[in-house]
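Numbering (this note's numbering), first residue to last: 88 to 226.
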């Protein structure tokens, strides 16, 4: 085996052997196991104001067509909160018109929880993967 091949193999092994790290937002931690699971659905950019936005929240995949809620958004807020269940798949679509063009965006999330003993001042429960981001990034 040549030196180049050996170095390449070692680099691949090192890059694949690392554990996935995670960040805990200590402001959103719960000191006890009594916490609420809130799904946050983001749909509005500050620089892009959609007209007549409709957010549809689904249980599971969009293709399963199990509609939980349908929101006809009139307020200038940029997110919707929905009380969810841990480890359950949710997906959502956003339908809106911008500059005469109709757009449909879709995204999904599956809220999870972990117990973090070291990151914050005291051990806490942290809910993550609870954001569905439907904002249009490119137009």
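Using N, Cα and C, we set each Cβ at its ideal position, and we do this for glycine too.
Computed from a prediction, not measured in an experiment: that's the story for all the values here.
| Distance, Cα to Cα, residue 172 vs residue 90? | Using only the alpha carbons, I get a separation of about 52 Å.
| request: Mind the definition here: the stretch 92-99 touches the stretch 172-191 only if three or more C-beta pairs lie below 8 Å; say whether that holds. | output: Cβ pair count under 8 Å is below three, so no.
| said: In whole angstroms, give me the CA-to-CA distance for residue 132 and residue 141. | reply: Whole-angstrom Cα-Cα distance: 15 Å.
| said: Assuming contact is defined by CB atoms lying nearer than 8 Å, are residue 197 and residue 166 in contact in what I supplied? | reply: Contact flag unset, no.
| said: Just to check my reading of the structure: residue 123 and residue 170 have Cβ atoms closer than 8 Å, yes? What is that Cβ distance to the nearest angstrom? | reply: The beta carbons of residue 123 and residue 170 sit about 6 Å from each other, so the pair counts as a contact at 8 Å.
| Pairwise C-alpha distance: residue 176 and residue 212 | Across the structure, residue 212 and residue 176 are spaced so that their CA atoms are roughly 20 Å apart.
| said: Just to check my reading of the structure: residue 143 and residue 192 have Cβ atoms closer than 8 Å, yes? What is that Cβ distance to the nearest angstrom? | reply: Not really, about 11 Å apart at Cβ, beyond 8 Å.
| query | What residue range is occupied by the uninterrupted beta strand (DSSP E) comprising residue 157? | reply | Note, residue 157: beta strand (DSSP E), 154-159.
| residue 195 versus residue 117: straight-line alpha-carbon distance, rounded | Answer to the nearest angstrom: the Cα atoms are 24 Å apart.
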